[in-house]
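Asks: Protein chains in written order, with the working numbering: chain A, 208 to 451; chain B, 1048 to 1148.
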Amino acid sequence: MEKGRDIFIQGYRHGIPIGLGYFAVAFSLGIAARDYGFSAAQGFLSSLFTYASAGQYMGFALYAANTTFAELILLTFIINARYILMGFALNQRMPEGTPLRTRLLVGSCITDEIFGITIARPGVPTPYYTFGALIAAVPLWALGTACGISMGNILPARIVSALSVALFGMFIAVIIPPARKDKAVLGAVMISFACSYAAVKLPFISNLSQGNRTILLTVVISAVFAMLFPRKTEEAEGGAVDAD
Amino acid sequence: MQINVYLYIFVMAFATWLMRVAASLIMKKPIQNRFFQSFLYYVPYVTLAVMTFPAIVEATQSPLAGAAALIVCIGAAWFGQGLFTVAVLGCVTVLVLELFL
Chain A
208 MEKGRDIFIQ GYRHGIPIGL GYFAVAFSLG IAARDYGFSA AQGFLSSLFT
258 YASAGQYMGF ALYAANTTFA ELILLTFIIN ARYILMGFAL NQRMPEGTPL
308 RTRLLVGSCI TDEIFGITIA RPGVPTPYYT FGALIAAVPL WALGTACGIS
358 MGNILPARIV SALSVALFGM FIAVIIPPAR KDKAVLGAVM ISFACSYAAV
408 KLPFISNLSQ GNRTILLTVV ISAVFAMLFP RKTEEAEGGA VDAD
Chain B
1048 MQINVYLYIF VMAFATWLMR VAASLIMKKP IQNRFFQSFL YYVPYVTLAV
1098 MTFPAIVEAT QSPLAGAAAL IVCIGAAWFG QGLFTVAVLG CVTVLVLELF
1148 L
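#1: For F400(A), decide whether its Cβ has a neighbour in chain B, counting only Cβ atoms nearer than 7 Å.
#2: What number of angstroms, rounded off, separates the C-alpha of L415(A) from the C-alpha of A288(A)?
#3: Can you pull the chain A neighbours of F1086(B), defined as C-beta to C-beta under 7 Å?
#4: Any C-beta of chain A within less than 7 Å: which residues of the segment 1072 to 1086 of chain B qualify?
#5: By a C-beta neighbour count over all protein chains shown, 10 Å radius and 16 as the cutoff for buried, is I356(A) buried or exposed?
#6: Of all the options V431(A), I321(A), V427(A), which has the alpha carbon lying nearest to the alpha carbon of I223(A)?
#7: Which of the residues in the segment 1126 to 1140 of chain B, read from start to end, lie with their CB under 9 Å from any CB of chain A?
#8: I'd like to know if the segment 391 to 399 of chain A and the segment 1109 to 1125 of chain B are in contact, where contact means that at least 3 CB-CB pairs between them fall below 8 Å.
#9: Tell me which residue opens and which closes the alpha helix (DSSP H) that M1074(B) is part of.
#10: How would you list, in chain order, the residues of chain A whose beta-carbon sits under 9 Å from the beta-carbon of L1111(B)?
#11: Does the beta carbon of A447(A) sit closer than 7 Å to a beta carbon anywhere in chain B?
#12: With a threshold of 8 Å on Cβ separation, who are the neighbours of I428(A) within its own chain once the five nearest residues in sequence on each side are excluded?
#13: Rounded to the nearest angstrom, how far is the Cβ of A380(A) from that of A1124(B), given a contact under 8 Å?
#14: Select from P346(A), S246(A), I238(A) the residue whose C-alpha is nearest the C-alpha of Y264(A).
#15: Span of the alpha helix (DSSP H) holding A259(A)?
#16: Since V1090(B) and T425(A) are thought to touch, with beta carbons under 8 Å apart, how far apart are those beta carbons, to the nearest angstrom?
#17: Relative to the C-alpha of T1094(B), which candidate in P410(A), I342(A), F375(A), S246(A) has its C-alpha closest?
#18: Alpha carbon to alpha carbon, how far is L1130(B) from Y1055(B)?
#19: Counting along the chain, where does the alpha helix (DSSP H) carrying G294(A) start and finish?
#20: Should the segment 1098 to 1116 of chain B be regarded as contacting the segment 343 to 352 of chain A, the criterion being three or more beta carbon pairs within less than 8 Å?
#21: Could you tell me the boundaries of the alpha helix (DSSP H) in which P1110(B) lies?
Here it is, written out as structure tokens:
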């Protein structure tokens, strides 16, 4: 049995590259937030408790437009709908009888990136791992937002540019090892790259927000692969992240 | 009248949190349906792939540096490097290449 503390530390370690990527992305979010009238403290708070990039960007814009709470809630639901899907994927891995508390704690940590590393980790998702990653990554997300608001362009663009790649490097480290083992995953990854590229260029679909494009492509491509290459039974466990 | 900004931040955070825990509130045990299982198996890889490309090429100042980082990261991950190493190699690739590009 792995100890909770060790799993937490592993999660924390895996959360660091995510946090670096977050810092860079949050920095640009902060620059936008300042334009929408948010102070550094307000931006920090909203990032600390919301930690959702596209959702927050939209939220800031809606605040500036003085929209109602009903609209804010509805649009937040729509733009973050992919979290429901991710929640299902994580709960699917938890055996019957898992306490609601555990399910809620794991669910509360969902971000695109933390979901990615959690689902790629062998075994049952545990709050120790997700909170380790969350505690490493989210403060950097909040700090990046505050820095973006308060000092917009002090950090050299070259540094921001390099940091912004950390996030994607991490995604790649999650998807490539299972793709090497399973031809169907490799196919899904290559088709996803191609479709995602096409979606940015094609009329109509390119007009959707990035979050909505992501969920649309995810649902369609995953459904097609599930029909063409169904999993045998319970061996539908994800690939392995090296327990380094 | 302008809405209270702190109340606004709270509502945004709460609505986002509800999306995160929606499945946790509904699901009591794994779903046995084979299509649904297969669908969920592919979801994370497809989501992350879609978010990575072409975004990685657009995130850097020079698209060429982003493309190089993509290739370096895929190579490193293919040959068994862990999360942190792959991420750092990507950053270093961009940092070095953008000195010249």
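C-beta: ideal position from N, C-alpha, C; glycine also.
Being a predicted model, the structure only gives us computed values, none of them experimental.
Replies: Put simply:
#1: As a working note, residue 400(A) is residue 193 in the first sequence. Yes - at least one Cβ of chain B is within 7 Å of the one on F400(A).
#2: Stepping through the first sequence from its first residue, residue 415(A) is reached at position 208. Stepping through the first sequence from its first residue, residue 288(A) is reached at position 81. Answer to the nearest angstrom: the Cα atoms are 14 Å apart.
#3: Along the second sequence, read from residue 1 onward, the residue named residue 1086(B) stands at position 39. Residues of chain A passing the Cβ test: S429, A430, A433.
#4: M1074, K1075, K1076, P1077, I1078, R1081, F1082, Q1084, S1085, F1086
#5: Position 149 of the first sequence, counted from the first residue, corresponds to residue 356(A). Its Cβ being crowded by 16 or more others within 10 Å, I356(A) is buried.
#6: Here residue 223(A) is taken as the residue at index 16 of the first sequence, counted from 1. It is I321(A) whose Cα lies nearest to the Cα of I223(A).
#7: Hits within the stretch, in order: G1127, Q1128, G1129, L1130, F1131, T1132, V1133, A1134, V1135, L1136, G1137, C1138, V1139, T1140.
#8: no
#9: As a working note, residue 1074(B) is residue 27 in the second sequence. Looking at the DSSP string, M1074(B) is not in any alpha helix (DSSP H), and its letter there is neither H nor E.
#10: On the second sequence, residue 1111(B) is found 64 positions in, with the first residue counted as 1. Within chain A, no C-beta atom comes less than 9 Å from the C-beta of L1111(B); the nearest is roughly 12 Å away.
#11: For the purposes of this step, residue 447(A) is taken as the residue at position 240 of the first sequence. Residue placement at A447(A) is poorly supported in this model, since its pLDDT is 41, which falls under 50; the coordinates still yield a value, given next. No, A447(A) lies away from the interface with chain B (no Cβ there is under 7 Å from its Cβ).
#12: Taking the first sequence and counting its residues from 1, the one referred to as residue 428(A) is at position 221. Hits under 8 Å: A395, I398, S399, C402.
#13: Indexing the first sequence from 1 puts residue 380(A) at position 173. Indexing the second sequence from 1 puts residue 1124(B) at position 77. Yes, A380(A) and A1124(B) are in contact; Cβ-Cβ is about 5 Å, under 8 Å.
#14: Here residue 264(A) is taken as the residue at index 57 of the first sequence, counted from 1. Looking at the Cα atoms, I238(A) is the closest of the given residues.
#15: The residue given as residue 259(A) occupies position 52 in the first sequence. Taken as a continuous stretch (DSSP letters only), A259(A) belongs to no alpha helix (DSSP H), as it is neither H nor E.
#16: On the second sequence, position 43 is the one that residue 1090(B) refers to. On the first sequence, position 218 is the one that residue 425(A) refers to. Confirmed, about 6 Å.
#17: Position 47 of the second sequence, counted from the first residue, corresponds to residue 1094(B). Relative to T1094(B), the option among P410(A), I342(A), F375(A), S246(A) whose CA is nearest is F375(A).
#18: Stepping through the second sequence from its first residue, residue 1130(B) is reached at position 83. Stepping through the second sequence from its first residue, residue 1055(B) is reached at position 8. One C-alpha to the other measures close to 36 Å.
#19: Counting from one through the first sequence, the residue named residue 294(A) turns up at place 87. First-last of the alpha helix (DSSP H) with G294(A): 289 to 299.
#20: no
#21: What you label residue 1110(B) is simply residue 63 of the second sequence in a count that begins at 1. Element bounds for P1110(B): 1110 to 1125.
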